[in-house]
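Numbering (mature numbering (1 follows the signal peptide of the UniProt record, and there is no 0)), first residue to last: -17 to -1, 1 to 211. Glycine is no exception: its CB is placed at the ideal position from the N, C-alpha and C atoms. In what follows, a structure is listed as structure tokens, so that the remarks can point back to it.
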Ligand SMILES: [Zn+2]
């Protein structure tokens, strides 16, 4: 019993040490892979202190990209939890939790701190973005997450170049580059308008509404702009 109390007390202390509050959001970090190559590499090359700062910075950065200056414009989230554990893949976000794979960290051969930073900007966008009540194309959701990563400058070298890709809603880097054209060349607040209007639903007509052309026409223009 006494031992159990001691264990409980140290668990609570550890949880408190791993939590912090910033901009009314509490971040809880959990490394469930300690003692494994990925878990130890995370601890040594990235670490909780740096990761907590990245999560806090990413939240502020995303509010800026989304032009959300009032709490009423943002999702109502007061706690975000990040968990490092073993699974196939890189990372995912669900229920205000971000899961990062310790196996991916173990196998990553480049600058793992920089890579995880970029991954966290992407996953944090999923936490904060609207999804059109589930009606927005998955490729657009992923494209907005990678657009935020692009704007954060934590972009991996293997990404497509501007103008590359097959379809506007192909997702990830392809859609991110297209959105960067839409906001960089056509209308600087486009992604924030798009996200704001995805709170209650989604239609491709949002492109026409804010940019004056259909999304297919914009994709053609984009390809032509970069000579593709
Ligand atoms: Zn994603």
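Give the single residue among the options whose Cα lies nearest to the Cα of residue i.
i: residue 44; options: 130, 66, 64; result: 130
i: residue 263; options: 155, 30, 194, 151; result: The first residue shown for the chain is -17 and the last is 211, placing residue 263 beyond what the model contains.
i: residue 133; options: 100, 115, 150, 118; result: 100
i: residue 138; options: 103, 189, 124, 152; result: 103
i: residue 136; options: 79, 66, 25, 159; result: 159
i: residue 152; options: 169, 201, 111, 106; result: 201
i: residue 150; options: 205, 62, 73, 28; result: 205
i: residue 185; options: 121, 156, 11; result: 121
i: residue 209; options: 198, 181, 163; result: 163
i: residue 179; options: 169, 58, 28, 87; result: 58
i: residue 198; options: 173, 183, 182; result: 173
i: residue 31; options: 110, 52, 66, 54; result: 66
i: residue 10; options: 23, 19, 41; result: 41
i: residue 87; options: 95, 80, 81; result: 95
i: residue 80; options: 72, 110, 29, 35; result: 110
i: residue 12; options: 74, 47, 35; result: 35
i: residue 176; options: 17, 82, 113; result: 113
i: residue 39; options: 70, 61, 148, 143; result: 61
i: residue 55; options: 182, 187, 156, 72; result: 182
i: residue 125; options: 157, 145, 140, 16; result: 157
i: residue 140; options: 16, 90, 98, 21; result: 98
With a threshold of 7 Å (Cβ to nearest heavy atom), would residue i be considered close to ligand 1?
i: residue 119; result: no
i: residue 128; result: yes
i: residue 98; result: no
i: residue 125; result: yes
i: residue 279; result: In this structure the chain extends from -17 to 211, so residue 279 is not present and cannot be described.
i: residue 105; result: yes
i: residue 141; result: no
i: residue 68; result: no
i: residue 208; result: no
i: residue 109; result: yes
Return the bridge partner residues of residue i from the DSSP annotation.
i: residue 74; result: 83
i: residue 68; result: 84
Alpha helix (DSSP H) runs wholly inside the region 131 to 200, at least 4 long, in chain order: Whole alpha helix (DSSP H) segments, 4+ residues: 155 to 164, 173 to 180, 188 to 194.
Complete runs of the beta strand (DSSP E) confined to the region 13 to 38 [at least 3 residues]: none
Whole runs of the beta strand (DSSP E) within the region 102 to 134, excluding any shorter than 3 residues: If we require 3 residues or more, the region 102 to 134 turns out to have no beta strand (DSSP E) run fully inside it.
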